[in-house]
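In our numbering, the protein residues as written are 104 to 393.
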Amino acid sequence: MKNGPLATYTGTLLLTAFLVLTLFFAVQGTFETRGQIASTFARQSQIQQAQIDLEELLRLQIDEENSLRGYLLTRDPFYVAQYHDAASGYDVKQAAIRRTLQQQQLHDADAQLASYAHLQSLWRTQVAARLLRNPGLSLDELDKRNKVFSDYETRTVAAIREILAGTDAALVASTQLQLDRSSYVRAFWVLVFGTLAILFNAYRSRLNRELEEERTVTEILQRAYRSESVPLLHCEVGSAYFSATNHLAVGGEVFDVYRLSDRRAIVLIADISGKGVEAAVLTAFIKIMV
104 MKNGPLATYT GTLLLTAFLV LTLFFAVQGT FETRGQIAST FARQSQIQQA
154 QIDLEELLRL QIDEENSLRG YLLTRDPFYV AQYHDAASGY DVKQAAIRRT
204 LQQQQLHDAD AQLASYAHLQ SLWRTQVAAR LLRNPGLSLD ELDKRNKVFS
254 DYETRTVAAI REILAGTDAA LVASTQLQLD RSSYVRAFWV LVFGTLAILF
304 NAYRSRLNRE LEEERTVTEI LQRAYRSESV PLLHCEVGSA YFSATNHLAV
354 GGEVFDVYRL SDRRAIVLIA DISGKGVEAA VLTAFIKIMV
């Protein structure tokens, strides 16, 4: 057989290595896709939290105005404390939203929010602080000043809402795309592994057939190697043979004893060029001819 053990082992090793390498890339790709999806989900969660915080920010702004209005109507210090609590909560929410916008690199929304926060700061100093110092002023003054700030704030918040909604929609689409791509990649690797399994099984079947053929040839050659000569009188002849090829029990060595007469015999020892089954075939031919 022309395919020696080295070729057999090399073919098996290469196919196994390719299968392992394919498995490695499949696992690596799966973890990368999982990481990308997890990152997108995390970004989407931050954007959605920012949307919730923005609505909470608007509620706190309204609480500031209503607390100030309640104080002007009742002169009750409770409303002053409520006003300061709402203002403090507003500042915390506004800072949290800005951190998210900066992390997500939503610079336009961050600039809009900064403008909105600056406008709210102006309202506190120009309207709220003045009315807290002079609670006897008319509510008409509060309503008039609120109208000036309210229109701009409404447009600013609407712009921030639109940016956050657009970003959230883009992240949802990106997540869906990654999930679809992950499904396609898994289907591809299933196809690859199925193909490799078929090829590996076919290769293994071919190797088994070759090994079976080699065993058959070996058995035939071993029978041909056995000496058919008549034992020598008063002599015991024995032999020991070790093939250079571990996977076969035959090779290119010729050895035998031939009886010529009652007192004479000839010992034949020779070496045939080559090794393995090919050399053994020529050896058996020579032995039969002798």
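The C-beta atom is built at its ideal place from N, Cα and C for all residues, glycine as well.
Here the C-alpha atom of Arg137 lies approximately 58 Å from the C-alpha atom of Leu176. In the three-state scheme derived from DSSP, where H, G and I count as helix and E and B as strand, Asp365 is classed as coil. Only residues of its own chain outside the window of five on either side were considered, and among them Val360 have a CB closer than 6 Å to the CB of Val340, listed in chain order. Under DSSP, the beta-bridge partners assigned to Val360 are Val370. When C-alpha distances from Leu157 are compared across Arg289, Ile372, Arg264 and Ser218, the shortest belongs to Arg264.
The C-beta distance from Thr259 to Gln205 rounds to 17 Å, too long to meet the 8 Å contact threshold. Within a 10 Å sphere around the beta-carbon of Ala145 sit fewer than 16 other beta-carbons, which makes this residue exposed. Residue burial is scored here from C-beta neighbours: Ala305 has fewer than 16 other C-beta atoms within 10 angstroms and is therefore classed as exposed.
Secondary structure of Arg178 (DSSP, three-state): coil. Of all alpha-carbon atoms in Pro180, Gln149 and Arg309, the one lying nearest the alpha-carbon of Arg236 is that of Pro180.
Close CB contacts of Ser253 within its chain, under the 8 Å cut and outside five residues either way in sequence, are absent. Contact annotation: Thr203 and Gln151 have beta-carbon atoms that are not nearer than 8 Å.
Boundaries of the alpha helix (DSSP H) around Leu225: His210 to Trp226.
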